[in-house]
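**Student:** Residue numbers (the working numbering): 40 to 330. Structure incoming, see below.
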Ligand SMILES: [Zn+2]
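Here it is as C-alpha cells:
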C-alpha cells in the first residue's frame, strides 16, 4: 500500500505536447508511375504555392522494378515540405510510409504487410471495390478527385461547361465538380458503426490531362483544391503517420473557406462539427472523435 502511494506521488504525468495543424496531400503520382510525367520539383513548387506541409507520394509500382519509386523518390524535408513515400496497388489498397515494395495475393495480406513495415493502409478508389470482405485497413478515401472527374464524363453538358470555363478560370472549373461524395460518405458511416475508419482525401494527382491545349490538372490546382490536414506534434513522417492512423485528421476543400478565414480552418473545426458546408458546398469533413 505504501509502495503504491509512493509510486503515484513520484510519477508526475508529463504534459502532452501541443498539437499543430499541418496541411497535407495524399495520393500523388510522379514520373515513376506509368501515367504521369510529373517531377518532384514541380510537386514541391505546387506545395510551396499552396502552403502544403506534407505530401504522401503513392506511385504505382514501376514495372520490372517495383521498388524504384520507393528507393529514388524524395523522403523527409525538402525546402520545408515533408515527403513520405508509399504506393498505390491495383487492389485499391494504398500504402503510406513504406520502404519496401509489397506483393500479395489478397487485400488482407497486403494490409498486414503494410503494417509490418510501420505503414498506414488506406482503401483508395472505394467506388471500385467489388467486395468489402476484408478488414484491418486504417482508413479510406472519402473523396477521390479522379473518380469525380470520371463521373463528369457521363454528363457531357457539365463536362463541356467545365472545359469552356477551364480556359479562363481553371480553379472555377474545378469548383463546378465539387459535390458531396454521397456514396463514399455512406460507406464511411457504415464502416464507422463497427470500428474507427479514418476518412482522408485522395488528390490522385498526376498532372497528365491535357484537353485541346489546356492542362486541366497541373499539380498546383490538383494539390490546392482539396487537402487532408492532420493535428500532429511535429512535421515528421512518424508524427504525421501516427496522426493519420489515430484519426487526428480532416478533409478540407480549401477554396470553399469563407471570406475572412484565410483558409485557417482549425478554429472552426474545434466547434466539434463533423461536416461543415459553406453555401451548400462541402468544406470540411472531420473524423469522428472519441472512438
Ligand atoms: Zn492514383
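We treat Cβ as the ideally placed atom computed from N, Cα and C, and that holds for glycine. Please read these numbers as outputs of a predicted model, since none were measured by experiment.
1. When the Cα of residue 23 is compared with those of 194, 225, 181, 317, which residue comes out closest?
2. Pair every Cβ in the stretch 222 to 231 with every Cβ in the stretch 52 to 69, then say whether three or more of these pairs are closer than 8 Å.
3. Just to confirm, does residue 71 get its C-beta within under 7 Å of one of the non-hydrogen atoms of ligand 1?
4. Below 8 Å, can you find three or more Cβ-Cβ pairs linking the stretch 143 to 162 to the stretch 183 to 190?
5. Ligand 1 and residue 130: does the residue's C-beta get closer than 7 Å to at least one heavy atom of that ligand?
6. Is the Cβ of residue 266 closer than 8 Å to any Cβ of chain B?
7. Which runs of the beta strand (DSSP E) spanning at least 3 residues fall entirely within the stretch 224 to 253, listed in chain order?
8. What's the C-alpha gap between residue 97 and residue 118?
9. Have a look at residue 249 and residue 255 and give me their C-alpha separation to the nearest angstrom.
10. Whole angstroms are fine: how far does the CA of residue 292 sit from the CA of residue 265?
11. Nearer than 7 Å: is that true of the beta carbon of residue 184 relative to any heavy atom of ligand 1?
12. Under 7 Å from any heavy atom of ligand 1, does the C-beta of residue 97 make it?
13. By alpha-carbon positions, which one of 186, 93, 197 ends up nearest to residue 116?
14. For a quick check, are the C-beta atoms of residue 158 and residue 129 less than 8 Å apart?
15. By the 10 Å Cβ neighbour count, where 16 or more other Cβ atoms means buried, how is residue 288 classified, buried or exposed?
16. From the DSSP output, which residues share a beta bridge with residue 63?
17. So, are the CB atoms of residue 74 and residue 245 less than 8 Å apart?
18. Would you report the Cα separation of residue 278 and residue 219, rounded to the nearest angstrom?
19. Can residue 166 be considered in contact with ligand 1, in the sense that its beta carbon sits closer than 7 Å to one or more heavy atoms?
20. Output the distance between the C-alpha atoms of residue 62 and residue 90, rounded to the nearest integer angstrom.
21. Going by the beta-carbon positions, is the gap between residue 131 and residue 81 smaller than 8 Å?
22. Quick check: is any heavy atom of ligand 2 less than 7 Å from the C-beta of residue 174?
23. Provide the residue span of the beta strand (DSSP E) that contains residue 184, from first to last.
24. If I measure Cβ to Cβ from residue 305 and keep anything under 7 Å in the same chain, skipping five residues before and after, which residues do I get?
25. Just tell me which of 58, 88, 57, 72 has its CA closest to the CA of residue 261.
26. Quick one: what's got a C-beta closer than 7 Å to residue 309's C-beta in the same chain, skipping five residues either side?
27. Measure the Cβ-Cβ separation of residue 331 and residue 135 and say whether it is below 8 Å.
28. Hey, residue 133 and residue 86: beta-carbon distance below 8 Å or not?
29. Assign residue 172 to one of two classes, buried (16 or more other C-beta atoms within 10 Å of its C-beta) or exposed (fewer than that).
30. Have a look at residue 165 and residue 226 and give me their C-alpha separation to the nearest angstrom.
31. Does DSSP put residue 324 in a helix, a strand or coil?
**Tutor:** Per the coordinate set shown:
1. Limits of the chain in this structure are 40 at one end and 330 at the other, which puts residue 23 out of reach.
2. no
3. no
4. no
5. no
6. Of the chains in the structure shown, none is chain B; there is only one protein chain.
7. 237 to 241
8. 20 Å
9. 6 Å
10. 4 Å
11. no
12. yes
13. 93
14. no
15. buried
16. 93, 267
17. yes
18. 30 Å
19. no
20. 7 Å
21. no
22. Absence of ligand 2 is noted for the structure shown, with ligand 1 being the only ligands found.
23. Premise fails: residue 184 lies in the alpha helix (DSSP H), 184 to 192, not in any beta strand (DSSP E).
24. Confidence in residue 305 is poor, its pLDDT being 47 and thus under 50, which makes the residue's placement unreliable; the coordinate value appears in the next sentence. Counting only Cβ-Cβ distances below 7 Å, and skipping sequence neighbours, we find 60.
25. 88
26. Unreliable positioning characterises residue 309 in this predicted model, as indicated by a pLDDT of 40, which lies under 50. A coordinate reading is not provided.
27. This structure leaves residue 331 out entirely; the chain is present only between 40 and 330.
28. no
29. exposed
30. 9 Å
31. strand
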